[in-house]
Amino acid sequence: MKIFTSAQIRELDKYTIDNEPVKSIDLMERASRAITRAITEEWSNETPVVVFAGPGNNGGDALAVSRMLAEAGYKTTVYLFNISSHLSEDCATNKARLIESKKVRDFTEVTLEFDPPKLEAGTLVVDGLFGAGLNKPLAGGFASLVKYINASPAKVVSIDMPSGLIPEDNTYNVRANIIRADLTLTLQNKKLAFMFPENQPFIGRLKVLDIRISQEAMDATEAQYTILEENMIRPLIKKRNPFAHKGNMGHALLIAGNYGMGGAAILATKACFRAGAGKVTVHTPRYNNVMMQISVPEAVVQLDKEETAFTEPVDTEDFDALGIGPGLGQSEPTSIALIAQLRRANCPIVADADALNILGNRRAWIQQLPKGIIMTPHPKEFDRMNGNSADSYERLSKAVSTAKHLQAYILLKGHYSALCLPDGHVIFNPTGNAGMATAGSGDVLTGIITALLARGYKQAEACILGMYLHGLAGDLAAKKLGMESLMAGDIIEHIPAAFNYLSE
Ligand SMILES: NC(=O)C1=CN([C@@H]2O[C@H](COP(=O)(O)OP(=O)(O)OC[C@H]3O[C@@H](n4cnc5c(N)ncnc54)[C@H](OP(=O)(O)O)[C@@H]3O)[C@@H](O)[C@H]2O)[C@H](O)CC1
Ligand SMILES: [K+]
1 MKIFTSAQIR ELDKYTIDNE PVKSIDLMER ASRAITRAIT EEWSNETPVV
51 VFAGPGNNGG DALAVSRMLA EAGYKTTVYL FNISSHLSED CATNKARLIE
101 SKKVRDFTEV TLEFDPPKLE AGTLVVDGLF GAGLNKPLAG GFASLVKYIN
151 ASPAKVVSID MPSGLIPEDN TYNVRANIIR ADLTLTLQNK KLAFMFPENQ
201 PFIGRLKVLD IRISQEAMDA TEAQYTILEE NMIRPLIKKR NPFAHKGNMG
251 HALLIAGNYG MGGAAILATK ACFRAGAGKV TVHTPRYNNV MMQISVPEAV
301 VQLDKEETAF TEPVDTEDFD ALGIGPGLGQ SEPTSIALIA QLRRANCPIV
351 ADADALNILG NRRAWIQQLP KGIIMTPHPK EFDRMNGNSA DSYERLSKAV
401 STAKHLQAYI LLKGHYSALC LPDGHVIFNP TGNAGMATAG SGDVLTGIIT
451 ALLARGYKQA EACILGMYLH GLAGDLAAKK LGMESLMAGD IIEHIPAAFN
501 YLSE
């Protein structure tokens with residue numbers, strides 16, 4: 001699913017209106033029918049409804065929904081906020097239709113004074129103040145109204161977006177002045193702001209309603225942001241050659257695990273095999289030898305000259321991909337070996353965990369990274385490398401510009417992991433769950449992506465398939481074991497089922 005900006009949404013509306021053709025007011029009627037249906041599916045007409053409508057088309061939707069709910073027998077109280085004596089054309093038409101229908105008995109147009117109604121526990125508030133057209137934080141009377149609604153025990157359904165939330169950049173928004181919805185009914189496409197964890201308390205449950213915006217126009221509109229869907233993943237999966245042998249199924253090199261962190265190397269190695277690598281060699285400190293050999297007998301263990309740390313860059317001539325960083329440590333000798341390794345590697349690279357922390361400690365080295373490198377930071381690792389960010393939008397913007405500047409692939413991990421491509425596009429991953437917020441989960445992802453690179457997937461494909469597969473394996477594991485008990489090893493155990501599912 002593409003994520004469109006508010007300006008693009010306006011263009012798409014216009015295209016749909018001109019080409020379907022459908023009148024603008026009829027598109028609003030269609031959207032409002034879908035919203036009304038979604039409300040009536042969840043709340044019976046015994047529920048008292050209070051609607052707050054703004055002056056734009058979000059308010060227009062709200063007025064149409066009020067009429068439809070009233071026609072369906074809901075006792076509906078409606079407030080239209082028209083404080084600057086200007087309503088959008090379709091909002092004005094819906095005001096007239098609402099008055100004409102005579103079904104809504106309690107309609108107030110607020111122009112100056114507003115005496116807020118009592119919002120009780122059984123009441124449903126429909127929030128149609130502002131949607132995709134909001135371009136600055138709410139203030140004054142609207143801010144007070146939002147605070148009043150948020151403080152009430154009533155349930156809140158937001159039309160298209162929680163009012164006060166800006167569709168894209170909320171870095172300088174005032175969070176106290178954003179509606180905290182129980183349910184958001186968004187039209188056609190998710191908005192960028194919905195991808196960020198700090199905005200989840202405003203959105204509540206999210207439903208996307210299809211209002212039949214022109215598919216042709218959506219296909220033709222280039223979007224910077226895309227959310228992965230299963231049908232985009234399936235065609236990526238390479239069929240195994242029936243004549244395959246381990247020599248042509250990719251030889252992965254992992255450099256991982258210092259003293260006390262050998263488990264990270266084991267997890268990455270197992271995941272690498274499960275994700276289909278033909279051979280995996282692990283370069284690790286001598287101390288890990290026995291543990292590695294016993295835990296993953298399938299792997300070749302290549303020992304560093306040091307007992308407890310990685311200090312010796314490796315010739316990558318014989319390898320198809322390199323994964324480096326899980327549990328690596330950040331000592332001086334390891335740091336020096338890391339940068340030497342990154343510079344001399346002549347195969348695709350995934351750098352994670354301590355590899356990134358080392359780069360965070362020595363930011364000047366970041367400029368020396370080879371083009372095409374994949375980095376898989378979680379937000380803290382990313383901030384160590386790029387400085388603190390006020391919120392996820394700012395962090396993502398930095399990741400986008402860094403990926404472009406370095407010509408790198410930055411996979412920013414999170415609830416929706418965001419893959420930033422060298423050309424400025426961002427791909428969000430919808431799979432995965434909170435149970436995967438557990439030690440070693442990132443090591444598994446590194447192993448998976450390294451395997452896919454070794455198998456010959458290009459960087460973007462390896463990241464896309466890798467993050468989707470990782471999340472899906474986590475979802476399957478959580479289904480069986482529950483999120484609370486999920487461990488990284490369980491994700492590895494479910495890679496086969498995830499792969500099978502996607503290959504069906
Ligand atoms: N394809 C679709 O998704 C469809 C969506 N529909 C609905 O339309 C809205 C978007 O409608 P729009 O009129 O563009 O915008 P809003 O209703 O959200 O608000 C616009 C008005 O709000 C003013 N504004 C902006 N920021 C503030 C603020 N901080 N405080 C007060 N007022 C503000 C703005 O004034 P400006 O002078 O700043 O322009 C506008 O007056 C979408 O969300 C859906 O609900 C269609 O119904 C169908 C197609
Ligand atoms: K709204």
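Position one of the sequence shown corresponds to residue 1 (full-length UniProt numbering), numbered consecutively onward. Even glycine gets a Cβ: it sits at the ideal position worked out from N, Cα and C.
Among the options, the one whose alpha carbon lies nearest that of residue i
i: Glu-298; options: Glu-306, Gly-276, Asp-315, Asp-352; result: Gly-276
i: Ile-179; options: Asn-189, Thr-226, Lys-191, Leu-129; result: Leu-129
i: Tyr-416; options: Glu-42, Leu-192, Tyr-15, Thr-184; result: Leu-192
i: Ala-353; options: Met-385, Ala-364, Cys-347, Ile-213; result: Met-385
i: Leu-236; options: Ile-3, Gly-456, Ala-264; result: Gly-456
i: Glu-317; options: Asp-160, Arg-286, Leu-253, Ile-374; result: Leu-253
i: Leu-112; options: Asp-443, Tyr-79, Asp-106; result: Tyr-79
i: Asn-199; options: Gln-188, Phe-243, Met-218, Val-174; result: Val-174
i: Ala-264; options: Ala-399, Asp-475, Asn-248, Thr-284; result: Thr-284
i: Ile-255; options: Phe-319, Thr-226, Ile-227, Gly-204; result: Phe-319
i: Met-388; options: His-470, Leu-145, Thr-171; result: For clarity, residue 388 is Asn in the given sequence; the question names Met instead. Selected option, being the one with the closest Cα: Thr-171.
i: Ile-373; options: Ile-324, Ile-336, Ala-337, Ala-418; result: Ile-324
i: Val-126; options: Lys-75, Ser-331, His-494, Tyr-259; result: Lys-75
i: Gln-215; options: His-470, Val-444, Glu-11; result: Glu-11
i: Ala-121; options: Gly-360, Gly-327, Thr-47; result: Thr-47
i: Gly-474; options: Ala-454, Pro-430, Ala-451; result: Pro-430
i: Pro-167; options: Ala-62, Met-68, Ala-7; result: Ala-7
i: Ser-101; options: Lys-118, Thr-221, Met-68, Ile-35; result: Met-68
i: Glu-306; options: Ile-427, Gly-257, Ile-339; result: Gly-257
i: Leu-303; options: Ala-309, Glu-312, Arg-286; result: Arg-286
i: Arg-212; options: Ala-143, Val-22, Asn-357; result: Val-22
i: Pro-197; options: Ala-434, Met-375, Glu-230, His-494; result: Ala-434
i: Gln-330; options: Met-261, Asp-383, Arg-343; result: Met-261
i: Phe-310; options: Ile-339, Met-291, Val-300; result: Ile-339
Buried versus exposed call for residue i [16 or more other C-beta atoms within 10 Å across all chains shown]
i: Ala-271; result: buried
i: Phe-202; result: buried
i: Lys-190; result: buried
i: Asn-19; result: exposed
i: Pro-153; result: exposed
i: residue 505; result: Residue coverage of the chain in this structure runs from 1 to 504, which leaves residue 505 outside it and unanswerable.
i: Asp-423; result: exposed
i: Arg-395; result: buried
i: Thr-269; result: buried
i: Gly-466; result: buried
i: Gly-59; result: buried
i: Ala-96; result: exposed
i: Asn-288; result: buried
i: Thr-186; result: buried
i: Arg-240; result: exposed
i: Thr-108; result: exposed
i: Ala-181; result: buried
i: Ser-441; result: buried
i: Phe-194; result: buried
i: Ala-139; result: exposed
i: Leu-164; result: Correcting the residue type first, residue 164 is Gly in the shown sequence and not Leu. Classification for Gly-164: buried.
i: Ala-177; result: Note on residue identity: the sequence assigns Asn, not Ala, to residue 177. Asn-177 comes out buried.
i: Ala-390; result: exposed
Reduced DSSP secondary structure (H/G/I, E/B, other) of residue i
i: Arg-205; result: strand
i: Gly-325; result: coil
i: Ile-266; result: helix
i: His-251; result: strand
i: Lys-398; result: helix
i: Gln-224; result: coil
i: residue 509; result: Outside the shown range of the chain (1 to 504) lies residue 509, about which nothing can therefore be said.
i: Tyr-409; result: strand
i: Gln-188; result: coil
i: Val-174; result: coil
i: Ala-390; result: coil
i: Val-290; result: helix
i: Leu-421; result: coil
i: Met-261; result: coil
i: Leu-486; result: coil
Any non-hydrogen atom of ligand 3 closer than 6 Å to residue i Cβ
i: Ser-66; result: With respect to ligand 3, the structure offers nothing, as its ligand set consists of ligand 1 and ligand 2.
- What residues does ligand 2 have around it, judged by CB closer than 6 Å to any heavy atom, in chain order? Going along the chain, the residues that qualify are Asn-58, Asp-127, Gly-128, Leu-129, Phe-130, Gly-131, Ser-158, Ile-159, Asp-160, Met-161, Ser-163.
- Message: Extract the residue ranges of the alpha helix (DSSP H) inside the region 46–100, only unbroken runs of 4 or more that lie entirely within it.
- Response: List check, alpha helix (DSSP H) in window: 57–71.
- What are the start and end residues of each continuous beta strand (DSSP E) run of 3 or more residues lying completely inside the region 309–368, in chain order? 321–324, 349–351
- Item | Length at least 3, wholly inside the region 103–145: the beta strand (DSSP E) runs in chain order | 106–110, 124–128
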